[in-house]
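The opening residue of the sequence shown carries number 18 in our numbering; numbering runs sequentially from there. Yeah, the Cβ is synthetic: ideal placement off N, Cα and C, and Gly gets one too. Presented below is the structure to which this report refers.
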Amino acid sequence: MQTVWKGAISFGLLNVPIKMGAATSRENIAFKTLHKECNTPLKQKKFCPKCNKEISKEDVVKGYEYEPGRFVIISPEDLESVPVKSAKTIDIVDFIKLEEVDPIYYDRTYYLWPDTGNEKPYFILRNAMKDTGRVAVAKVTIRQKEHLCLIRIVGDCLAIETMFFPDEVRSTAETGIENMEDRIEIREAETTMAIQLVENLTAPFEPNKYHDEYREELMKIIRAKVEGKDIVEAAPIQQQDNIIDLMEKLKKSVEITEKQNKKGPGRPRKQASGS
Numbered sequence: 018m019q020t021v022w023k024g025a026i027s028f029g030l031l032n033v034p035i036k037m038g039a040a041t042s043r044e045n046i047a048f049k050t051l052h053k054e055c056n057t058p059l060k061q062k063k064f065c066p067k068c069n070k071e072i073s074k075e076d077v078v079k080g081y082e083y084e085p086g087r088f089v090i091i092s093p094e095d096l097e098s099v100p101v102k103s104a105k106t107i108d109i110v111d112f113i114k115l116e117e118v119d120p121i122y123y124d125r126t127y128y129l130w131p132d133t134g135n136e137k138p139y140f141i142l143r144n145a146m147k148d149t150g151r152v153a154v155a156k157v158t159i160r161q162k163e164h165l166c167l168i169r170i171v172g173d174c175l176a177i178e179t180m181f182f183p184d185e186v187r188s189t190a191e192t193g194i195e196n197m198e199d200r201i202e203i204r205e206a207e208t209t210m211a212i213q214l215v216e217n218l219t220a221p222f223e224p225n226k227y228h229d230e231y232r233e234e235l236m237k238i239i240r241a242k243v244e245g246k247d248i249v250e251a252a253p254i255q256q257q258d259n260i261i262d263l264m265e266k267l268k269k270s271v272e273i274t275e276k277q278n279k280k281g282p283g284r285p286r287k288q289a290s291g292s
């Protein structure tokens with residue numbers, strides 16, 4: 018696994034040298050931008066409009082715009098000299114229970130594994146977290162940004178979830194949801210029917226049964242073009258009856274899910290309270 022960051026976990030007086038690598042990778046289908054006339058891939062160039070010329074990588078510097086059109090130049094040495102502990106270590110601040118963290122704070126997951134010759138303190142920390150059922154809140158600086166993060170156990174490995182700071186999470190008040198709800202009247206029967214639908218669709222979480230259907234269908238089109246075959250149109254999505262009333266939609270949905278549950282093992286049905 019490729020190492021994207023190397024440092025240590027600061028755990029009280031204990032230092033745990035580790036390496037960090039991305040735990041996930043996006044399975045996207047990448048397209049290149051081509052010249053329509055000859056299908057040649059286009060090049061992305063850095064161009065200075067003032068000097069009216071193309072700029073090489075060696076002539077690019079980082080600048081912070083402190084006023085419109087005015088910049089202060091920040092060098093690599095400036096970035097290295099920032100006196101923050103988290104620039105070199107993953108600094109554990111607290112141990113908490115995982116269920117206390119709202120998923121809205123999560124950003125990206127990385128695996129952590131011990132640096133060569135430093136396996137023992139890694140396993141001491143991992144086993145202590147496993148035995149206590151705790152996860153660790155920490156701070157780390159990656160690519161010139163300090164992250165709040167969460168260290169937890171995934172399988173036999175420690176993993177770190179980079180997180181958003183509270184001031185980076187936007188308030189739900191921006192949606193105006195409170196004012197909307199005041200104007201809506203929901204009947205008890207509608208709530209009961211919705212609960213029944215939720216219960217009918219309840220199943221254990223099995224990640225392997227979910228697939229990126231868009232990517233799969235797009236790959237079929239790409240393969241057909243490569244092989245010189247005609248593109249076969251996907252089967253049209255079955256349209257449901259034109260049901261106008263909300264209550265009728267809920268009833269129809271409950272009926273459909275009940276039939277699906279009777280066909281096979283699928284989702285175990287549960288009885289909704291009040292039904």
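Query raised in the report: Would MET197 be called buried (16 or more neighbouring beta carbons within 10 Å of its own) or exposed?
Result: exposed
Report task. Might you give, ordered along the chain, the residues of its own chain that have their beta carbon closer than 7 Å to the beta carbon of PHE28, omitting 5 neighbours on each side? Result -> ILE109, LEU142
Query raised in the report: CB-CB under 6 Å to TYR122, same chain, minus the five flanking residues each way: which ones, in chain order?
Result: MET180, PHE181
Requested in this report: Count the other CB atoms, across all protein chains shown, that sit within 10 Å of the CB of ALA153; report buried if there are 16 or more and exposed otherwise.
Outcome: buried
Requested in this report: Check whether the Cβ atoms of THR126 and GLY24 sit closer than 9 Å, and answer yes or no.
Outcome: no
Report task. For GLU116, name the three-state secondary structure that DSSP assigns. Result -> helix
Query raised in the report: If you compare alpha carbons, which of LYS242, LYS156, PHE222, MET264 is closest to GLN213?
Result: MET264
Query raised in the report: PRO34 to GLY172, Cα distance in whole Å?
Result: 20 Å
Report task. Compare the C-alpha of ASN144 against each of VAL157, ARG169, GLU272, LYS156 and name the closest. Result -> ARG169
Report task. Indicate the three-state DSSP secondary structure (helix, strand or coil) for SER27 in the structure shown. Result -> strand
Query raised in the report: Considering LYS162, what are the terminal residues of the beta strand (DSSP E) in which it resides?
Result: 162–171
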